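Numbering (the working numbering), first residue to last: 2 to 288.
No residue lacks a Cβ here, since even glycine has one placed at the ideal position from N, Cα and C.
Bear in mind that the values here come from a model prediction, so they are computed numbers and not experimental data.
These notes concern the structure reproduced below.
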């Protein structure tokens, strides 16, 4: 994806930061890169947003684990989150705050190739949503899902606290670096007091109730890769002209369907950004 960002979309390589837990031995990573802990990911994103100016195009590509957090007062309600390598969850509320901090004239595209990634920017408008189609598949792949119960069990082992409240464990383990959702719960409602169409754009690898697949290395030349990340790269390489955010997602859906994957990428953004060119500098707007 880095090559596409540089060669096709004109990103400066010095402005691209890689956070990975891949081993340098495999050739996937480097001993000098920063680990994708919750704190490190949020610090990198906060720095990017805080330094943004009008006309800037911001992009965050995440390929890793995701989960759903049950809402205590809602039987069927969940919050979406990504699961960094240290289990310090980054929730949809954290991404909402980042989008709210964007300066006018800048855009922020998030491509999350993770389980339950639909809705990862809280309250962002759904443009391409759930599908009822289910593919018949004989592919060998693994989901990027870490069940909430497994995360809770892991954190309980770390903290030694006997509670099913995940916020308690996260605050005990990570303190001020825990998600805003648990750090300052009252902030969650304040974030939406003045909610309006914004420049946040989410391309999710699947619906909120689905998992995203990692291809089995035994069947992909010895290299694991995210199915959605691969589909998007295929779409971009096979279509040299400009593609809208909506077109990228719909084409990626068709690629995954043809490959036999049972996941449905979604798009969340404003009406205007649904038809805007993927990773294109936004047009100047009157103030």
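Would you kindly work out how many angstroms separate the C-alpha atoms of residue 65 and residue 149, rounded to a whole number?
Each residue's alpha carbon lies about 15 Å from the other.
At 3 residues or longer, and completely inside the stretch 235 to 285: list those beta strand (DSSP E) runs for me, N to C.
267 to 269, all fully within the stretch 235 to 285.
Among 256, 210 and 99, nearest to residue 70 - alpha-carbon criterion:
Measuring from the Cα of residue 70, the nearest candidate turns out to be 210.
Taking all protein chains shown into account, do 16 or more other C-beta atoms lie within 10 angstroms of the C-beta of residue 37, making it buried, or fewer, making it exposed?
With a 10 Å radius around the Cβ and a threshold of 16 neighbouring Cβ atoms, residue 37 comes out buried.
Per DSSP, what are the beta-bridge partners of residue 60 in this structure?
DSSP lists 110 as partners of residue 60.
Using the three-state DSSP reduction, which class does residue 8 fall into: helix, strand or coil?
In the three-state reduction of the DSSP assignment, residue 8 falls in the helix class.
Since residue 68 is in the beta strand (DSSP E), which residue starts that stretch and which ends it?
Where residue 68 is concerned, the enclosing beta strand (DSSP E) stretches over 66 to 71.
Who does residue 205 pair with in a DSSP beta bridge?
Looking at the DSSP assignment, residue 205 forms a beta bridge with 113 and 267.
What separation, rounded to the nearest whole angstrom, lies between the Cα atoms of residue 205 and residue 93?
The straight-line gap separating the alpha-carbon atoms of residue 205 and residue 93 is approximately 12 Å.
Distance check for residue 170 and residue 59, CA to CA, integer angstroms please.
Computed Cα separation, rounded: 32 Å.
Considering Cα atoms alone, identify which of 115, 52 and 3 is closest to residue 13.
Here the closest residue by C-alpha is 3.
Considering just the uninterrupted stretch of the alpha helix (DSSP H) at residue 150, what are its terminal residues?
Residue 150 -> alpha helix (DSSP H) spans 149 to 160.
Pick helix, strand or coil for residue 128, following the three-state DSSP scheme.
Annotated three-state conformation of residue 128 is strand, per DSSP.
Cutoff 6 Å; reference residue 167; Cβ partners in own chain excluding five residues on either side:
If we look at residue 167 and ignore the five residues flanking it on each side, its Cβ neighbours are 153.
With 16 other Cβ atoms within 10 Å as the buried cut-off, status of residue 42
Flag for residue 42 reads buried.
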